[in-house]
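Asker: One structure follows; several queries about it will come next.
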Ligand SMILES: Cc1cc2nc3c(=O)[nH]c(=O)nc-3n(C[C@H](O)[C@H](O)[C@H](O)COP(=O)(O)OP(=O)(O)OC[C@H]3O[C@@H](n4cnc5c(N)ncnc54)[C@H](O)[C@@H]3O)c2cc1C
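In the working numbering, the protein residues as written are 254 to 591.
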């Protein structure tokens, strides 16, 4: 079951070639427990892997990569709504499409996000005004140290913008094995996000009778029009989080750059990182194997299948330049390994 010296290039959407000392694909909880015991006996670090769409491999991985391939999902209804329970290895987009094809709404704004459902809580995936935490009920995870299963309710996960307890206090402590969501019985389309409302306005649709499938189709079309498909142009989606600044800093920047793109986020402001990178002159820049996508400056691409160090060097140069020009710090969204 455990393989040695595996090239991870087919397992990450940036198509970075890096070798893992050990690799295991697990399809059952028992196999997962065995893989954890193998790593524990040899004091190996563990990298839980889904679809590899939110990681940057900066070199060879000296431990055990565990590809979580637990499968199966079900949907049932109770008083609270439609309860979706899915094993961690299920493809996220496949689940979204299964719900909208059954005319169940709630996940359609999150269509076409790559990866597995088991990784979705890690950074509380979000798109077009909806985040995973809006539909989240609970998850089951296996503790890496003991192999014990534990349930986490929403309150245990400390979800926030592209963040959760699994990126903070509980980082590297658990492997998520199942995710449970609740879709509302009374569904309402969320099309406030500007790109989405503009798309819908351009269709011959009755806005008062939109269906989840129509909203999913809108999201898919918009994403396809501006985000490169990883199997055509390797990338990890948005490379930086949108930086959050206080109102004072926002107003100063807005006075200097009236076309600054920003969204209110409680008492603070979320600046569009893509706008900052674009305005700093990086959109479309190519540097050897890597570059910045020409349609979306927030997406770093790796068409020449360069090493992770090329990607991270480009990211560092962009962040430094944006800081010099706007005084704003950019934080990478994908996690670097090792
Ligand atoms: C083209 C493109 C578009 C994207 N668009 C969006 C978007 O709109 N919104 C958004 O939020 N994200 C987006 N992403 C980022 C990414 O798709 C999500 O973060 C996704 O949830 C990652 O899933 P994955 O299975 O590929 O995770 P991986 O990349 O395999 O892993 C990501 C992290 O989660 C950990 N992990 C994975 N599985 C488990 C598990 N079962 N238990 C514990 N830890 C685990 C890994 O160790 C790693 O730290 C995009 C990426 C791409 C390439």
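Beta carbons: idealized from backbone N, C-alpha and C, even for Gly.
If you're wondering where the values come from, they're calculated on a predicted model, not measured in any experiment.
Just tell me which of 477, 468, 584 and 482 has its CA closest to the CA of residue 525.
Answerer: Residue mapping note: residue 525 aligns to position 272 of the chain shown, counting from 1. Of 477, 468, 584 and 482, the residue nearest in Cα terms is 584.
Asker: Going by other Cβ atoms of all chains shown within 10 Å of its Cβ, with 16 needed for buried, is residue 368 buried or exposed?
Answerer: The residue you call residue 368 lines up with position 115 of the chain shown. Classification for residue 368: buried.
Asker: For ligand 1, any of its heavy atoms closer than 7 Å to the Cβ of residue 561?
Answerer: Mapped onto the chain shown, residue 561 falls at position 308. For ligand 1, not one heavy atom lies less than 7 Å from the Cβ of residue 561.
Asker: One question on the structure: do residue 543 and residue 559 come within less than 8 Å of each other, judged by their Cβ atoms?
Answerer: By one-based count along the chain shown, residue 543 stands at place 290. By one-based count along the chain shown, residue 559 stands at place 306. Yes; because the gap between Cβ atoms is below 8 Å, this pair is in contact.
Asker: With burial defined as no fewer than 16 other Cβ atoms inside 10 Å of the residue's Cβ, what is the status of residue 501: buried or exposed?
Answerer: Mapped onto the chain shown, residue 501 falls at position 248. Its Cβ having fewer than 16 others within 10 Å, residue 501 is exposed.
Asker: Hey, residue 385 and residue 377 are a contact pair by Cβ (cut 8 Å); roughly how many whole angstroms apart?
Answerer: Within the chain shown, numbered from 1, the residue matching residue 385 stands at position 132. Within the chain shown, numbered from 1, the residue matching residue 377 stands at position 124. About 5 Å; that satisfies the 8 Å criterion.
Asker: Taking 7 Å as the cut-off, is the C-beta of residue 307 nearer than that to any heavy atom in ligand 1?
Answerer: Taking the chain shown and counting its residues from 1, one reaches residue 307 at position 54. Yes, the Cβ of residue 307 comes within 7 Å of a heavy atom of ligand 1.
Asker: Residue ranges of each alpha helix (DSSP H) run of no fewer than 4 residues wholly in the segment 303-354, ordered along the chain?
Answerer: Runs of the alpha helix (DSSP H) inside the segment 303-354: 345-354.
Asker: With a threshold of 7 Å, establish whether the CB of residue 488 neighbours any heavy atom of ligand 1.
Answerer: Here residue 488 refers to the residue found at position 235 of the chain shown. True, at least one ligand heavy atom lies under 7 Å from that Cβ.
Asker: Quick check: is any heavy atom of ligand 1 less than 7 Å from the C-beta of residue 415?
Answerer: Locating residue 415 in the chain shown gives position 162, counting from the first residue. Yes, the beta carbon of residue 415 sits closer than 7 Å to at least one heavy atom of ligand 1.
Asker: Would you mind working out which of 330, 354, 468 and 460 sits nearest residue 433, comparing C-alpha positions?
Answerer: Position 180 of the chain shown, counting from 1, holds the residue named residue 433. It is 330.
Asker: Going straight from the alpha carbon of residue 255 to that of residue 288, what length do you get?
Answerer: Residue numbering aside, residue 255 sits at position 2 when the chain shown is read from its first letter. Residue numbering aside, residue 288 sits at position 35 when the chain shown is read from its first letter. In a straight line, the C-alpha of residue 255 is about 8 Å away from that of residue 288.
Asker: Please determine, among 309, 305 and 300, the residue with the shortest C-alpha to C-alpha distance to residue 316.
Answerer: Numbered from 1 along the chain shown, position 63 holds the residue referred to as residue 316. Nearest C-alpha to residue 316: 300.
Asker: Taking C-alpha atoms, which residue in 428, 565, 587 and 533 lies nearest to residue 320?
Answerer: Position 67 of the chain shown holds residue 320. Taking only the C-alpha atoms, the option nearest residue 320 is 428.
Asker: Would you mind working out which of 589, 452 and 532 sits nearest residue 476, comparing C-alpha positions?
Answerer: Along the chain shown, one-based indexing puts residue 476 at 223. The shortest Cα separation from residue 476 among 589, 452 and 532 belongs to 452.
Asker: Helix, strand or coil: how does DSSP classify residue 523 here?
Answerer: Mapped onto the chain shown, residue 523 falls at position 270. Here residue 523 sits in strand by DSSP.
Asker: Closest by CA to residue 447, which one among 516, 344, 286 and 327?
Answerer: Within the chain shown, numbered from 1, the residue matching residue 447 stands at position 194. When each option's Cα is compared against that of residue 447, the closest is 516.
Asker: Assuming residue 487 and residue 266 make a contact with CB atoms under 8 Å, what is their CB distance in whole Å?
Answerer: Reading the chain shown from its first residue, position 234 is the one you call residue 487. Reading the chain shown from its first residue, position 13 is the one you call residue 266. Contact flag correct, Cβ pair sits at about 6 Å.
Asker: For residue 405 and residue 572, what's the separation of their Cα atoms in angstroms?
Answerer: For the purposes of this step, residue 405 is taken as residue 152 along the chain shown, with counting starting at 1. For the purposes of this step, residue 572 is taken as residue 319 along the chain shown, with counting starting at 1. Their Cα atoms are separated by approximately 35 Å.
Asker: Between which two residues does the alpha helix (DSSP H) containing residue 444 stretch?
Answerer: For the purposes of this step, residue 444 is taken as the residue at position 191 of the chain shown. Careful: residue 444 lies outside any alpha helix (DSSP H) and carries neither H nor E.
Asker: Rounded to whole angstroms, what's the CA-CA distance from residue 481 to residue 553? Just pull it up for me.
Answerer: Walking along the chain shown from the start, residue 481 turns up at place 228. Walking along the chain shown from the start, residue 553 turns up at place 300. Going by the C-alpha atoms only, they are around 10 Å apart.
Asker: Out of 485, 387 and 575, point me to the one whose CA is closest to residue 263's CA.
Answerer: To locate residue 263, count along the chain shown from 1; it is residue 10. Closest option to residue 263, Cα to Cα, is 485.
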